[in-house]
Each structure stands twice: as C-alpha cells, then as structure tokens.
Amino acid sequence: MSTTALVGFLLMAATAAQAQNAEDEKGAVTSLDAMTVTATRTEKSAIEAPASVSVVDRESILQAQPQSLDDVLKGVPGVQMSGGPRNTAEQPNIRGFSDERVVVITDGVRKNFQSGHRGRTFLDPTLLKSVDVLRGPSSMLYGSGALGGVLAMETIDASDLLRPGEKVGLRTTIGGQSNNGYKSANVTAFGTPLDGVDLLFSASRHNSGNYEDGDGQDIPYSADDIGSALAKGSVEHEGHSVELNLQLFRDDHEIPTAANTNGTVIADRVTREESGSLRYGFDDQEGLLDLTVTAYTNNTFIREIVQGTGRHDVTQLDTIGIDVANTSRATLSDDAKLALTYGLELYQDDQEGVRNDAPRQQYPNATQITQGYFAQAEFTLWDDLTVIPGLRYDTYDQEATGAEDVGDSKLSKKLAVSYQATDWLMLFGSYAEAFRAPSLTELYVGGTHFVFNTFVPNPDLKPEFAKNKEVGAALSFDDVFTQRDGLRIKGAVFQNDVEDLIEQSVQGGAFGTTTTDNVPEARIRGAELEIQYEGPMFFSGLSATRMRGDDLTQGDALADIPEDLVTLTAGLRFAETGLSAGWRSMLYFGQKRSSNTGTPHPGKKLIHDLFVTYTPNDPALDGLRVDFGIDNVFDKTYRRYPSELNEVGRNAKLTASLQF
125 MSTTALVGFL
135 LMAATAAQAQ
145 NAEDEKGAVT
155 SLDAMTVTAT
165 RTEKSAIEAP
175 ASVSVVDRES
185 ILQAQPQSLD
195 DVLKGVPGVQ
205 MSGGPRNTAE
215 QPNIRGFSDE
225 RVVVITDGVR
235 KNFQSGHRGR
245 TFLDPTLLKS
255 VDVLRGPSSM
265 LYGSGALGGV
275 LAMETIDASD
285 LLRPGEKVGL
295 RTTIGGQSNN
305 GYKSANVTAF
315 GTPLDGVDLL
325 FSASRHNSGN
335 YEDGDGQDIP
345 YSADDIGSAL
355 AKGSVEHEGH
365 SVELNLQLFR
375 DDHEIPTAAN
385 TNGTVIADRV
395 TREESGSLRY
405 GFDDQEGLLD
415 LTVTAYTNNT
425 FIREIVQGTG
435 RHDVTQLDTI
445 GIDVANTSRA
455 TLSDDAKLAL
465 TYGLELYQDD
475 QEGVRNDAPR
485 QQYPNATQIT
495 QGYFAQAEFT
505 LWDDLTVIPG
515 LRYDTYDQEA
525 TGAEDVGDSK
535 LSKKLAVSYQ
545 ATDWLMLFGS
555 YAEAFRAPSL
565 TELYVGGTHF
575 VFNTFVPNPD
585 LKPEFAKNKE
595 VGAALSFDDV
605 FTQRDGLRIK
615 GAVFQNDVED
625 LIEQSVQGGA
635 FGTTTTDNVP
645 EARIRGAELE
655 IQYEGPMFFS
665 GLSATRMRGD
675 DLTQGDALAD
685 IPEDLVTLTA
695 GLRFAETGLS
705 AGWRSMLYFG
715 QKRSSNTGTP
725 HPGKKLIHDL
735 FVTYTPNDPA
745 LDGLRVDFGI
755 DNVFDKTYRR
765 YPSELNEVGR
775 NAKLTASLQF
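In terms of our numbering, the sequence shown opens at residue 125 and continues consecutively.
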C-alpha cells in the first residue's frame, strides 16, 4: 500500500471529523474492539490478540446482504473466497492456502468436507452472528489442516435480536437482487421466556437465476434454489450452560460436476448439509474451571445425476467429534498471572463415494480417526508483557477398503509474545507450527480424472508441515479528531515455510495420469495491514494484503496464491435519522506469478460497491430495517485469480426486515 493512500485515508477522517462535533453526544465507538476467542481460546479483543485475527460482526453481515460467504468477507485482509461466483463451489483461501489447509468451524462443528471441485461452505450467511478469521498456522489449537488458518463462524441467538425489555420476538425479512433475479424470505422466532433460557428458530428460502457478468453474458449454471433452517436452545444456571444447535441446508441446482470450472459435464445436483451440536459450559467463578465441551455431528451429502447419460453419483462425508477445553487461571505474584488452557479433540471422518450403486474410486470409501491433546500457558507479566507457549500432540489413522492402513503423529509447537510498549502501541511476534495429514482422497483416489486421464494413488504421501514466523504491531487511539472517536491500526509480516506440501500434478494430458506428490520445500511470505476509523458520524477502513509463494525445490511460483488486494471503505452515519451510507473500493493487482498455466492470469482491476442502511427512529416504524446496495457499481467485467469464471456484473440489492 502506498504512503499516498494512507495519507489520503487519514485526511478523509480528519476532514469528516469537522462535521462530527455536533454529533459528539451520540453513541460511543464499540465495533472496533470486537471480542474473539479464536486466536488463543481465551477471550480478547481482536486488536489486543498477539495474532493476525479479524472479526466480521453482525452489523457488517446484514449490511452486505450476502448470497454467499464471499460477500461477508470483503475487506478482510489475507482471505479470499475461491471457486466463485457459483456459491456452492466456494471455499476459503487464507494466506495462499485453501482446501483442507483451512479449518472451517460453525458453532463449534468442524466442516471437513472436501471433494475436488465441489466447494466447502454450505450455509446461509444471513443467519451468522459473527465470523472470525485467524490467519496463519494454528494446529496448536485446531489440529490437522490449519496451515493457512481458521474460519470460525457463530450463528445468531435470541439475545442478539431482542431489544431491551423484550422477552419474545418475531422477525420477517424479504430481499431481492437485480443481477440474477435473487429473491429471499426469512422468518425467525426467538425469545427468552424464562431467566437463563434462550430459544430461536429460523427458516429461509433463497431462489435465483444465473448471474451475468459486466458484459451482460450469462455465468452459466450459477442459479440456486436454497432452503435452510436453524434451531437453537440454551439454558444457563449457576455457572452451568447447555446449548443444543441444529442446522439444515439444501440447494437444488444444475452445475458442472467440476463446479468451480468451465466444465461441460453438467449434473442435476442436490447439495445437503445437516449438523447438530451439544455444548456444555461451566465457569466456577474461582479460576479453576472455565470449561467448554462440544459434541457434534455433521453430514455433507451431494447427489449428482449427469444430464444426457443418467450417471448417478453420490458423494458423502460424515463427521462425528468432541472438543474439550478448560482454562484455569491463577495469580502467581503481584506481577504475574497465568491462564492455562488445555484439552483434547477427537473426531472421525467417514467418506463414501457411489456411482450407479457401485463404489466410486474418485471418492473412495475410507475412514480417518484423529486425536489431539493440547496445552497452552498464557503468562501476563507486569501487565504489559504476555508470553504464550503451547504444545499439541496429534495422531491420525486412515483406512480404506482394499488398501494399506496409514497412520502418523505430529507435535505442533507455538510461542507468541506481545508487549504493550505504550498506552497506544502493542508489539507482537510469534512462531507457530502446523501440519496436515494427507486427505483420504489424496491417499486412496483412483479411476478416471477426465477423458482417459486416470488417477494414480500415492500411499507414500507424507503429512505437510509448516513453520510460520510473524511479527506485527497494533496501534489504538481514542479521541483522535473529535470526542468519542477511535482509530485502530494492525499489521503484520510473515514467512511460512512448508515441508512436503502436497500438490496434484497432471502428466500426459487427456491420455495421461494424475497423481499427488510432496513438494519438499515451499515458502509463502507476505504482509497484511488493517486500519479502522470510527467516529460518531464518519467511519472508514482500509485493508491491504501482499503475498508471494514459491516452490523452493523447483524454483517455480506456487499455483494458488491470490492477487494482491487493497480495500478502502468510507461512509457516514446520521444518528438523528437512522441513515448510514458508505462506499467500498477494491483494487486487485492481478496475478502474474503462478505456475498454473491452465488458468487465465487476470490483470489489475478496480471495483466499487455502494451500501445504505436505514433504521428509522420514528416510533411508528420501530423494528424496521432497510438495506440497499449496489455491487460492482460501474458494471465491470473482471475475473479474480485463480477462478476460471468471470465475476458478477452490476448488482442492485434491497432487503427489508420488520421485527415485532
């Protein structure tokens, strides 16, 4: 990011602050210090965590009027959704890693599904309360797969929706979008009928046609017909809490079997995901026990009937698991405090692939059992120095019918240090390790890949292992340009060295073979910056990401490193009317450093979005909220690397909700 851009950003804030003095008595800044437990499993504000973590809050999610998770994550540094714009083909890319290298969690439930080109995030984003993005290797806390980071999502509760003094409520929401004829409807009932009891039920329906790009050309097979539901209930009493959570998602659509490509093999596809969790918590208020136990199950099911041939494929993954974590706190001396977090995680993945009622080699029937045991000590010394060492030991066992069993174990280490140098400056650094076991498909895949090209399994695949070094700083200022405003700046540089990176290679084209091999040494380096300013009237934000990835063995660039990206957001709030409006500009720098010759390398592009929210203060309109937005205001035709498909052209969006 250039110095000019940063100076311009601060000048905008200073100029707008002159208009804020009349607003100084209204509302304090709260959204800049969102709380997260994802970074350390102990609650901290994102700005204070000695890690690169960002939180997208409920207000930002509503403002986005999202059709998919991609809409929610705009402006978060270091993360992009790849595979779009077909919504069910999307999967997160954090710091150049995607697929199984990013751990995805919703309400404590691991979402481990991964099958070639078929996507990973099957959910209704309008039901989300928050999204935490933890960037960088995180296996010490989250086990196998967290080479790129963690995407942790939480859904809404009744307490998030009830207004002061209310016990029960009903919210109805309808919406529409112009580009693909998107229509949505949601009904949510919620309440706290008794002290400590929280109940919520929500049902949604979303229907859309194909997207169009900026030239008015169809983005084929991007239509969806989605139904979703969420049911939650929790009880709290004398430090104990129990929560039951059930989620359903179903999408009926036509889509290529290789859903994130221009593939011509089209299927009538049903995508279904069902998950349930039971979470128990206990806080003894004395420091010894701050316990959370989550037991969960998740089923992802995809049925495809290929048009013209009638070929019938089923792809299914069942995950069952339990996560136990406790934090014990102690005061060691007047100048030293300790928070010791320890626990275990157990889960089992069972995958099944069927083609015309027979086993399907491309998604082999296989099982993986993973066990993890971890401990992390958080020392706070003299109130301004925090030292966090941690260890985790994981074992995994994999088996498939007719193949040799595979198993291994790994020890992951972490050390993070933060120093509060002044009231406004925190410095932090970390060393963290992560590993990823080869996936069941990578180990045992067989059959035809495309045309006459065949998969060749590699039972000798080694686990990937990453070592990440990171340093950064966080700056926090209050009352900067006017009373009750705030400026937050957080940035980091990192180097992630990966041993035995698993990559797929195609040899011999349509008549050759496809196999997976270990790349002995790879390196991803980068820098991230996040700036947020918020005042009583003016708000703005800037995020910037720059990454470079290299295969150190062959000397080539890695294939799936996203483009450098700078996002600038600015807007105004008028408290007396309940109106807010903003503008977002995203500058993509293109990607020329890639060994992926099969994917076009797009150039630089500048995309603009507009958003407006109206929550009237008139008592006669109490409970009404209206959101309006225009994505890609200037209707530009563009493509984001590494997608093979154009992105969506101009899209006007309107959503209205009424709460009773």
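For each residue, glycine too, the CB sits at the ideal point set by N, CA and C. Because the structure is a prediction, the values reported are computed rather than measured.
Closest Cα partner of residue i within the set the options
| i | options | result |
| --- | --- | --- |
| residue 764 | 173, 692, 203 and 282 | 203 |
| residue 375 | 351, 480, 579 and 486 | 351 |
| residue 654 | 716, 177, 166 and 578 | 177 |
| residue 612 | 620, 599 and 621 | 599 |
| residue 80 | 714, 733 and 736 | Outside the shown range of the chain (125 to 784) lies residue 80, about which nothing can therefore be said. |
| residue 412 | 683, 464 and 390 | 464 |
| residue 758 | 732, 751 and 746 | 732 |
| residue 648 | 684, 701 and 659 | 684 |
| residue 747 | 294, 674, 245 and 455 | 294 |
| residue 595 | 604, 572 and 620 | 620 |
| residue 500 | 781, 652, 187 and 266 | 266 |
| residue 244 | 439, 353 and 253 | 439 |
| residue 428 | 437, 421, 420 and 422 | 437 |
| residue 304 | 336, 432 and 357 | 336 |
CA-to-CA distance, residue j to residue i, given in whole angstroms
| i | j | result |
| --- | --- | --- |
| residue 447 | residue 169 | 23 Å |
| residue 402 | residue 345 | 37 Å |
| residue 761 | residue 383 | 21 Å |
| residue 379 | residue 695 | 38 Å |
| residue 415 | residue 235 | 23 Å |
| residue 239 | residue 661 | 47 Å |
| residue 366 | residue 227 | 25 Å |
| residue 130 | residue 558 | Any reading at residue 130 must be qualified, since the residue scores a pLDDT of 46, below 50, and its modelled position is unreliable; no value is offered. |
| residue 280 | residue 290 | 17 Å |
| residue 711 | residue 467 | 42 Å |
| residue 249 | residue 256 | 13 Å |
| residue 146 | residue 171 | The pLDDT assigned to residue 146 is 41, lower than 50, so where the model puts this residue is not dependable; a value taken from the coordinates is nonetheless given after this. Distance between the alpha carbons of residue 146 and residue 171: 29 Å. |
| residue 278 | residue 206 | 22 Å |
| residue 667 | residue 179 | 13 Å |
| residue 300 | residue 610 | 35 Å |
| residue 742 | residue 672 | 52 Å |
| residue 622 | residue 589 | 6 Å |
| residue 347 | residue 307 | 12 Å |
| residue 155 | residue 632 | Interpretation of residue 155 is limited by its pLDDT of 48, a score under 50 that renders its predicted location unreliable; no figure is taken from the coordinates. |
| residue 539 | residue 514 | 6 Å |
| residue 196 | residue 163 | 20 Å |
| residue 522 | residue 435 | 29 Å |
| residue 657 | residue 664 | 5 Å |
| residue 586 | residue 517 | 17 Å |
| residue 551 | residue 175 | 10 Å |
| residue 133 | residue 618 | Note that residue 133 scores a pLDDT of 49, beneath 50, so its modelled location is shaky and nothing firm can be said. |
| residue 686 | residue 167 | 31 Å |
| residue 369 | residue 192 | 21 Å |
| residue 493 | residue 276 | 22 Å |
| residue 151 | residue 498 | For residue 151, the predicted model reports a pLDDT of 40, less than 50, meaning its position is unreliable; a value from the coordinates is still stated below. Going by the C-alpha atoms only, they are around 42 Å apart. |
Residue i - partner residues in DSSP beta bridges
| i | result |
| --- | --- |
| residue 190 | Paired residue(s): none; residue 190 is not in a bridge. |
| residue 228 | 275 |
| residue 667 | 654 and 691 |
| residue 513 | 539 |
| residue 473 | 443 and 492 |
| residue 497 | 468 and 517 |
| residue 638 | 579 and 630 |
| residue 217 | 204 |
| residue 732 | 709 |
| residue 159 | 169 |
| residue 356 | 324 and 369 |
Residue i: CB within 6 Å of a non-hydrogen atom of the ligand SAM
| i | result |
| --- | --- |
| residue 439 | In the structure on display, the ligand SAM does not appear, and there are no ligands present to speak of. |
Pairing CB atoms from the stretch 281 to 293 with CB atoms from the stretch 314 to 324, are three or more of them under 8 Å?
yes
Taking 8 Å as the cut-off, does the stretch 519 to 536 touch the stretch 501 to 509 (at least 3 CB pairs, one atom from each stretch)?
no
Counting pairs of beta carbons, one from the stretch 212 to 219 and one from the stretch 255 to 271, are three or more of them closer than 8 Å?
yes
Quick test of the definition: if touching needs 3 or more C-beta pairs under 8 Å, does the stretch 577 to 592 touch the stretch 633 to 647?
yes
Tell me whether the stretch 542 to 554 and the stretch 471 to 482 touch, counting them as touching only if at least three CB pairs, one residue from each stretch, are closer than 8 Å.
no
Suppose only complete runs of 4+ residues qualify. What are the alpha helix (DSSP H) ranges in the stretch 561 to 629, listed by chain order?
564 to 568
If we count Cβ pairs, one from each stretch, closer than 8 Å, do we get three or more for the stretch 766 to 777 versus the stretch 326 to 334?
no
Please give the ranges of any alpha helix (DSSP H) in the stretch 432 to 460, keeping only runs that are unbroken, at least 4 residues long and fully inside the region.
none
Whole runs of the beta strand (DSSP E) within the stretch 359 to 444, excluding any shorter than 3 residues
364 to 380, 390 to 407 and 414 to 430
Can you confirm whether the stretch 453 to 460 touches the stretch 483 to 499 when touching is taken to mean that 3 or more C-beta pairs between the two stretches lie within less than 8 Å?
no
Secondary structure, alpha helix (DSSP H): runs of 4+ residues fully inside the stretch 258 to 325:
263 to 266 and 282 to 285
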